[in-house]
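The sequence shown: position 24 = 24 (the UniProt record's numbering), numbered continuously.
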Amino acid sequence: MAKNDPIRAILCRQIFDGEQRHHNAALLIAGHKILAIKPQSELSGDEIIVDLGDRLLAPGLIDIQVNGGGDVLFNKQPNLDGLKQIANAHLSLGTSRIMPTIISDEQSIRQQAADAVQQARNEQLSGILGLHLEGPFFARSKRGAHKEEFIRRLESDDAEALKKIAQKLLLMVTLAPEAVPANTLQELAQQNIHVWAGHSNASYEQAVAALEEGVCGFTHLFNAMSSIQARDPGLLGAALEDQHSYCGLIADGHHVHPSNIRLLLRSKSKGKVVLVSDAMATVGGHKNTFDLYEETLSVQGSILINGEGNLAGSAIALIDAIHFLREQDIVSLDEALRMASLYPAQSLGLEHKLGYLKAGYEADFICLENDLQVYASSCAGNIIFKQETKRG
Numbered sequence: 001m002a003k004n005d006p007i008r009a010i011l012c013r014q015i016f017d018g019e020q021r022h023h024n025a026a027l028l029i030a031g032h033k034i035l036a037i038k039p040q041s042e043l044s045g046d047e048i049i050v051d052l053g054d055r056l057l058a059p060g061l062i063d064i065q066v067n068g069g070g071d072v073l074f075n076k077q078p079n080l081d082g083l084k085q086i087a088n089a090h091l092s093l094g095t096s097r098i099m100p101t102i103i104s105d106e107q108s109i110r111q112q113a114a115d116a117v118q119q120a121r122n123e124q125l126s127g128i129l130g131l132h133l134e135g136p137f138f139a140r141s142k143r144g145a146h147k148e149e150f151i152r153r154l155e156s157d158d159a160e161a162l163k164k165i166a167q168k169l170l171l172m173v174t175l176a177p178e179a180v181p182a183n184t185l186q187e188l189a190q191q192n193i194h195v196w197a198g199h200s201n202a203s204y205e206q207a208v209a210a211l212e213e214g215v216c217g218f219t220h221l222f223n224a225m226s227s228i229q230a231r232d233p234g235l236l237g238a239a240l241e242d243q244h245s246y247c248g249l250i251a252d253g254h255h256v257h258p259s260n261i262r263l264l265l266r267s268k269s270k271g272k273v274v275l276v277s278d279a280m281a282t283v284g285g286h287k288n289t290f291d292l293y294e295e296t297l298s299v300q301g302s303i304l305i306n307g308e309g310n311l312a313g314s315a316i317a318l319i320d321a322i323h324f325l326r327e328q329d330i331v332s333l334d335e336a337l338r339m340a341s342l343y344p345a346q347s348l349g350l351e352h353k354l355g356y357l358k359a360g361y362e363a364d365f366i367c368l369e370n371d372l373q374v375y376a377s378s379c380a381g382n383i384i385f386k387q388e389t390k391r392g
């Protein structure tokens, strides 16, 4: 925030600050920072007024698993222009900040992605938080849509490469604990790498050991992981039992049954379930198909299917997950908003500047109509109003 940044007063019928609601209030921002929330009746008259009317203002959404958007797949375009298109597509749908995600690929693609994220951070592309590397250190039997030829165990050189990336930017890694040598998980966690378990066939004992070594979360829970059996609770059982780790959740009505979502929320401590989109290129774009590896994927409702008609990914943005939770009456709107803003911020250790509408926080917000359609959104004080953008 520069000294001469004008003060803008964002007026809205209701403002949800991440904890409570304020009625007929104003969110005061200057530059990229929030100054305060105060009653509209207490404005000085010197502010620049942005009147959002009879709507709801809430903290900007944060998506920690974004493979693409705006007709761009990050794996196919791991550069600054690709990041800009992806971030803009998601901002138009209410998501202020993202962790662009590279799925299993060549080492050169992962390095290009890391360089692009570093460039984005250097150029203050505010919507880019860091990098999420999903794979290739997986169990082959749980690889899902990831190409089999890339799946392998993590070696010492891989660990060193991850540590080097983490020295420069915020790094999240999804891997299978059983595909990692002994003590390596602890080494990665000690380098401030956010290690999440996923695409794993780990036993319950292996999963518990991974948590003790530093695994802090589970990627797209219920999907691509060892499930609960009578004599082996598997990775899923360990995730549901542990009260300190986070669980990513794709709430689109296809990846996880609503009853399993309720079970998850009853099992975990409050604040430990994080909504993710796992969005692919079509989200916020204009095309209904794109190529992943050598296969063409097509949009069918809120999911992607391959040529054989099988589920092959997500075609939602975070706001769609919020819609689904409300349609199924699984959580309150305020809690659904926290699951897509505050809790992902906490999972990355960013709750000191993201996830709330409070003084000193980044001026990230989403403005919703009464039917929860996105009216406007902001990243670091850059406000855009919703245009007719196809979600996929």
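Glycine included, C-beta positions come from ideal geometry on N, C-alpha and C.
Nothing here was measured: the structure is a model prediction, and the numbers come from that model.
Beta carbon of residue i nearer than 8 Å to that of residue j
i	j	result
G130	L169	yes
H255	N223	yes
L171	H194	yes
A279	N67	yes
A202	P177	yes
residue 396	A58	Only positions 1 to 392 of the chain appear in the structure, and residue 396 is not among them; the question remains open.
I322	A340	yes
A315	S126	no
L342	E351	yes
L185	G217	no
A139	A179	yes
G94	L52	no
T101	E155	no
Y246	V274	yes
D105	F150	yes
D252	F324	yes
Q20	L56	no
G69	G285	yes
M225	L235	yes
L91	A116	no
L11	V72	no
N122	I103	no
First through last residue of the alpha helix (DSSP H) which encompasses residue i
i	result
Y204	204 to 213
K287	That residue, K287, is in no alpha helix (DSSP H); it is neither H nor E in DSSP.
R55	From DSSP, R55 is part of no alpha helix (DSSP H); its letter is neither H nor E.
V117	107 to 122
R266	258 to 267
M339	333 to 339
N88	80 to 91
R326	318 to 327
G144	It is not in any alpha helix (DSSP H) - G144 carries neither H nor E in the DSSP assignment.
S156	156 to 166
L235	234 to 241
For residue j and residue i, believed in contact at Cβ under 8 Å, the rounded distance
i	j	result
S298	N310	With 8 Å as the limit, S298 and N310 do not qualify as a contact, their Cβ atoms being about 11 Å apart.
L377	F365	The displayed chain sequence assigns Ser, not Leu, to residue 377. So it is a contact: roughly 7 Å between Cβ atoms.
L249	V276	7 Å
A166	N192	6 Å
A359	A36	5 Å
Q77	H132	Their Cβ separation, rounded to whole angstroms, is 16 Å, which puts Q77 and H132 out of contact at 8 Å.
A30	D46	Not a contact, Cβ separation roughly 12 Å.
I98	D63	5 Å
L357	I34	6 Å
A26	L43	6 Å
Strand pairing of residue i, partner residues [DSSP]
i	result
I98	D63, I128
F218	A197, C247
T282	Bridge partners of T282: none, in fact.
S298	T289, I305
G68	L73
R21	F16
A30	I7, K33
E134	I103, T174
L275	L249
E362	K33
P39	A25
I49	A9
Extent of the continuous beta strand (DSSP E) run through residue i
i	result
residue 398	With the chain covering only 1 through 392, there is no way to say anything about residue 398.
G313	311 to 314
F365	365 to 368
T184	Looking at the DSSP string, T184 is not in any beta strand (DSSP E); the run it does join, the alpha helix (DSSP H), is 184 to 190.
S377	374 to 379
P344	Looking at the DSSP string, P344 is not in any beta strand (DSSP E); the run it does join, the alpha helix (DSSP H), is 342 to 347.
F385	382 to 385
Counting beta carbon pairs with one atom in the region 107 to 117 and one in the region 139 to 147, are three or more of them shorter than 8 Å?
no
The region 235 to 245 contacting the region 207 to 221, beta-carbon criterion three pairs below 8 Å:
yes
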